[in-house]
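Notes to accompany the following structure.
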Amino acid sequence: MSTTSRSHVYLDIPAFPHSHVAPYAAEEHSKTFQGFPNMPEYLSRFDMLLSEDTAWIMRKTDTFTSIDREEELLQCEEAGQDSVTDSTAGHRALCVGLSGQTDVEDRGLEQVQSLVLHEVLKDIETACKLLNITPDPTEWSSGHVQKWLLWTEHLYRLPQVGKAFQHLSGSDLCEMSEDDFRQRCSPCGDVLFAHLDIWKSATWMKDRCSPQTSSFIGADELCAEVDSSCSGQPIHLWQFLRELLLKPHNYGRSIRWLNKEKGIFKIEDSAHVAKLWGIRKNRPAMNYDKLSRSIRQYYKKGIIRKPDVSQRLVYQFVHPV
DNA sequence: GAAAAGGAAATGC
DNA sequence: GCATTTCCTTTTC
């Protein structure tokens, strides 16, 4: 059984001893990311593994923008230039990392990794809220597994493979190797395995995080927020819509604010929003016709209304945040 | 034709 | 009993 864990390569999350499947030797922890192993693969797969939100952070920090950047750096080196536009810590990390000066690399990388990890943890927290599942995959029922699969497929535009994992609990899933995933689901088994690995890593982080031990931004926040988000209270549609609106980098193509101050929002992709709501509520037959009927029930309750100037697919929270 | 509006009954917790 | 969900008809964009 493999002892490598993809998220450790991609995210440099410290290896997690949570898994009885893939026990990690302490010395393995320090091996991750050293000298940017497999950089091209790392770069090419980042967008597949992270939400748009996280990928956006990566672009913002200008660290792993593209393989072109790596080529640009190499060209600069060849041209004898000491540095290129290293205006960000992350970018510097890459510059120096490529030239082997690991002390500066470590500092820059640490900052970027913290940012990325923070975004990953936020993504998981959001998914937990929206799906009403626990962050720990080992606690999932087969129904939770199907929810998570549906969600991940939708979010990352993967083919639908739920049937390949039918009747499997979360712990069954966690015991499976990457090869098992590939065998059950050839088109995207490895990607699903990587996503699950990220969740497992986050759980391990949550279990061990404390102000003393955590050097990552937001790890302690996750402890509090995930706990409160999985309190078992059924989510209301208006809360669900607000959660989607709060993650514009993930769901901005489906639903977005037109005027956040006034609480006016537009559903850009009615079918997709309805599908997400259906996944959340275990209502496979959910569609926009039904979702919009539920929204209209809020008119009388004074939760949502149509804006003064009514537009198709545009609604307004009566009490904006 | 899709979205909006709202009545009425059914459903799940 | 509440918060939808489902199904429906009519109207509006």
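The opening position of the first sequence corresponds to residue 87 in the numbering used here, with each subsequent residue numbered one higher. The beta carbon of each residue, even a glycine, is placed where N, CA and C say it ideally should be.
Give me whichever residues DSSP pairs with residue i in a beta bridge.
i: residue 251; result: For residue 251, which the question treats as bridged, DSSP gives no partner whatsoever.
i: residue 403; result: 390
i: residue 346; result: Paired residue(s): none; residue 346 is not in a bridge.
i: residue 352; result: 342 and 400
Which whole-angstrom value describes the C-beta separation of residue i and residue j, a residue pair presumed to lie in contact below a C-beta threshold of 8 Å?
i: residue 326; j: residue 216; result: 6 Å
i: residue 328; j: residue 334; result: Wrong, their Cβ atoms sit about 12 Å apart, outside the cutoff.
i: residue 401; j: residue 392; result: 6 Å
i: residue 381; j: residue 404; result: Actually they are not in contact, since the Cβ atoms of residue 381 and residue 404 sit about 12 Å apart, beyond 8 Å.
i: residue 358; j: residue 340; result: 5 Å
i: residue 332; j: residue 240; result: So it is not a contact: roughly 18 Å between Cβ atoms.
i: residue 290; j: residue 384; result: Not quite, the Cβ-Cβ distance comes to about 40 Å (not below 8 Å), so this is no contact.
Grab me the residues of residue i's own chain with a C-beta within less than 8 Å of its C-beta, minus the 5 sequence neighbours each way, in chain order.
i: residue 399; result: 352, 353, 354 and 356
i: residue 278; result: 235, 238, 244, 247, 267 and 271
i: residue 371; result: 364
i: residue 406; result: 346, 347, 348 and 349
i: residue 320; result: 218
i: residue 269; result: 275
Could you check where the alpha helix (DSSP H) with residue i kicks off and where it finishes?
i: residue 336; result: 334-337
i: residue 327; result: 323-331
i: residue 261; result: 256-261
i: residue 239; result: 228-241
i: residue 395; result: Per DSSP, residue 395 belongs to no alpha helix (DSSP H) and is neither H nor E.
i: residue 222; result: Run containing residue 222: none; DSSP gives neither H nor E here.
i: residue 319; result: Residue 319 -> no alpha helix (DSSP H), and no H or E assigned at all.
i: residue 270; result: 264-270
Classify residue i: buried if its beta carbon has 16 or more other beta carbons within 10 angstroms, exposed otherwise.
i: residue 288; result: buried
i: residue 347; result: exposed
i: residue 222; result: buried
i: residue 366; result: buried
i: residue 281; result: buried
i: residue 302; result: Bear in mind that a pLDDT of 39 at residue 302, under 50, signals an unreliable position, so the number given afterwards is only what the model happens to contain. Residue 302 is buried by the Cβ-count criterion.
i: residue 233; result: buried
Below 7 Å CB to CB, which residues in the same chain sit around residue i once its five sequence neighbours on both sides are set aside?
i: residue 228; result: 253, 254 and 255
i: residue 231; result: 251, 254, 255, 256 and 259
i: residue 213; result: 237
i: residue 111; result: With a pLDDT of only 29 at residue 111, under 50, the local geometry of the prediction cannot be trusted, and no value is derived from it.
i: residue 337; result: 330
i: residue 225; result: 256
i: residue 396; result: none
Excluding sequence positions up to five away, which residues of its chain have a Cβ less than 6 Å from the Cβ of residue i?
i: residue 360; result: 372, 373, 374 and 377
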